[in-house]
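Single-structure report; data block below.
Residue numbers (this note's numbering), protein chains in the order written: chain A, 12 to 302; chain B, 12 to 302.
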């Protein structure tokens, strides 16, 4: 039996289950400060006899096993969590193998094994919500190089009629700065769910996301793209994405029908927590191989 | 002993050597039509008793082993080579395992094993010349998904003072359309080597390449970036790249010193042919494993 944590900026989801994605218990915990939040996490897991725990965490995190900061949340704007030794804290409490990656890499893994990219050795999972993040499975493994991807901050070309300055504290009008939830709210002066009938809002959203997908496709060539997160609940954004992406790519690369290639998460809101169970399973398997 | 082909749009380089990168014989053949060019390739290799042949080819090519078009050059503008069954032609003539990938993936592999990224399990190789292409090694393997990467065609933001319309037949002002050799020549009215003293030419070049590197870094997080190709022989472009990339990333991701992170090919012009020898070696090893 495995434990899983989907650690988000506003809430933690903890679950107990198996690598098939079966969940037998779960809990939501508000993200406050590590002392409080983690105390509740520990109390929840203590009820079970776990073989391993998997963490899909908000970031940036250090996922490089050779780094002294491995397993830590690093330069997050959430100051209480900066340099929090996530892996070590759980190892100290449970003495089991701990899997650790970004929330979006966990979700990509969940979707690749049990969700919309089941059976494929490659997929890209993107969440468009409070922020924009993406994780990828490449040739069967979670994408990792020097660090984990930070795909939400790529550059896009501004729409000629869009005068909104952008909200990213680092890059101003990068993708996240122009297209995440807070940017939508600030640009149009209302929250997304009050804008449902404003066609131009979601058309523009698709305009920016399509550009991002063009870059991801030309660079990574994923076998399927999964678009999740609160903003993507506006299904009209998909229509806009298909339209602009077709126009941008101009048949340069051959892709499956876009409506089958770019889809919603097969696991709905459970992509991240399912992926975290898989991270636990991977950590467990690896530990046993080492023995 | 292995054979290697670096198949370019204007010339083929063929070599005989080993997986350590030692080359004992090589030849250059102009790229005309398959009947002519391949006849010379065959004649060159017939002199040797080869265990396998590796091909790093101009593209697009089909590198998907499960595809019926595997081993072919596909939709190239060089009409005589369209649908040329590269792998099959060599298999028919030599009955040895054939390794096959893009020219830039071959070069990335060469640099990862014997060049500027030696000892790393990840690197990105970019060539800026007649076209712009890139290959990548990710977690020790050549990057491949639905197809091979087509990174030269990503979108960049135009410089506000650049009025050149771009030269890409598919996307107009994508990276290749704005920054490859032919675009430089058309924009400034002279060939690159007549523009060596025009600081603004290379500054603008760096402006576009830096944007591309930003996207590549945020998406792939390579452990080292190797910038080759004719245009990059203008070392002043590196200075401009470092400057703009620093500005664009704004310390959002932590990178090694840029002058050590973004470098020239360690193998010089031999990255591609060395990588093709390694593709031969891989094909040979795989074939033996299967037996």
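For glycine and all other residues, C-beta sits at the position ideal for the given N, C-alpha and C.
Asked                                                                                                                                                                                                 : Found
State the start and end residues of the unbroken alpha helix (DSSP H) segment that holds residue 112 of chain B.                                                                                      : Premise fails: residue 112 of chain B lies in the beta strand (DSSP E), 109–113, not in any alpha helix (DSSP H).
With a threshold of 8 Å between beta-carbons, can residue 274 of chain B be considered close to chain A, or not?                                                                                      : no
Determine whether the beta carbon atoms of residue 203 of chain A and residue 194 of chain A lie at a separation below 8 Å.                                                                           : no
Using a C-beta to C-beta distance shorter than 7 Å, which residues of chain B count as neighbours of residue 227 of chain A?                                                                          : 230
Can you list, in chain order, the residues of its chain whose CB lies under 6 Å from that of residue 80 of chain A, leaving out five sequence neighbours each side?                                   : 73
Quick one: which residues of the stretch 164–183 of chain B get their C-beta closer than 7 Å to a C-beta of chain A? List them in chain order.                                                        : 164, 165, 166, 168, 181, 182
Under 8 Å: do the stretch 202–220 of chain A and the stretch 244–258 of chain A share three or more Cβ pairs, one atom per stretch?                                                                   : yes
Can you pull the DSSP bridge partners for residue 37 of chain A?                                                                                                                                      : A:26
Give the range of the beta strand (DSSP E) segment to which residue 17 of chain A is assigned.                                                                                                        : 13–18
Quick check on residue 41 of chain A - is its C-beta less than 8 Å from some C-beta in chain B?                                                                                                       : no
Spell out a yes or no on whether the stretch 35–44 of chain B and the stretch 271–285 of chain A are touching, meaning 3 or more CB-CB pairs, one atom from each, closer than 8 Å.                    : no
Could you check which residue in B:227, B:26, B:287, B:53 has the C-alpha nearest to that of residue 164 of chain B?                                                                                  : B:227
Can you list, in chain order, the stretches of the beta strand (DSSP E) that have 3 or more residues and sit fully within the stretch 93–139 of chain B?                                              : 109–113, 134–139
Tell me whether the stretch 291–300 of chain A and the stretch 59–73 of chain A touch, counting them as touching only if at least three CB pairs, one residue from each stretch, are closer than 8 Å. : yes
Taking residue 162 of chain B as the reference, give the member of B:61, B:70, B:283 with the closest Cα.                                                                                             : B:70
Taking only beta-carbon positions, decide if residue 159 of chain A is within less than 8 Å of chain B.                                                                                               : yes
At a cut of 8 Å, does the stretch 232–244 of chain A reach the stretch 259–278 of chain A through at least three beta carbon pairs?                                                                   : yes
Give a yes or no on whether the minimum CB-CB distance between residue 133 of chain B and chain A is below 8 Å.                                                                                       : yes
List in chain order: all unbroken beta strand (DSSP E) runs of 3+ residues lying wholly within the stretch 167–237 of chain B.                                                                        : none
Would you decide whether residue 200 of chain A is buried or exposed? Buried here means 16 or more other CB atoms lie within 10 Å of its CB.                                                          : exposed
Suppose the cutoff is 6 Å on Cβ atoms and the five residues either side in sequence are ignored; what does the same chain contact list for residue 25 of chain B look like?                           : 16, 38, 52, 55
So, helix, strand or coil for residue 158 of chain A, using DSSP?                                                                                                                                     : coil
Kindly identify the DSSP beta-bridge partner or partners of residue 4 of chain B.                                                                                                                     : The first residue shown for chain B is 12 and the last is 302, placing residue 4 of chain B beyond what the model contains.
Using beta carbons (cut-off 8 Å, strictly below), is residue 152 of chain A in contact with chain B?                                                                                                  : yes
Name the chain B residues that come within less than 9 Å of residue 155 of chain A, Cβ to Cβ?                                                                                                         : 133, 149, 150, 232
State yes or no: is the beta carbon of residue 255 of chain B nearer than 8 Å to at least one beta carbon in chain A?                                                                                 : no
Please check if any C-beta of chain B sits within less than 8 Å of the C-beta of residue 222 of chain A.                                                                                              : yes
Output needed for residue 206 of chain B: all residues of its chain with C-beta closer than 6 Å, excluding positions within five of it in sequence on either side, in chain order.                    : 199, 212
Can you give me the C-alpha to C-alpha distance between residue 118 of chain A and residue 43 of chain B, rounded to a whole angstrom?                                                                : 49 Å
Looking only at its chain, what residues have a beta carbon closer than 8 Å to the beta carbon of residue 177 of chain A, apart from the 5 residues adjacent to it on each side?                      : 183, 184, 185, 188, 189, 194
Can you name the residues of chain A whose CB is closer than 8 Å to the CB of residue 261 of chain B?                                                                                                 : 181, 182
Does residue 44 of chain A come out as helix, strand or coil in the three-state DSSP assignment?                                                                                                      : coil
Apply the 10 Å Cβ neighbour rule to residue 145 of chain A and answer buried if 16 or more other Cβ atoms are within range, or exposed otherwise.                                                     : buried
Under 8 Å by Cβ, that's how I've got residue 156 of chain A and residue 149 of chain B pegged, so tell me the actual separation to the nearest angstrom.                                              : 7 Å
Under the assumption that residue 121 of chain B contacts residue 19 of chain B (Cβ atoms under 8 Å), give the Cβ distance between them as a whole number of angstroms.                               : Residue 121 of chain B to residue 19 of chain B, Cβ: 15 Å. No contact.
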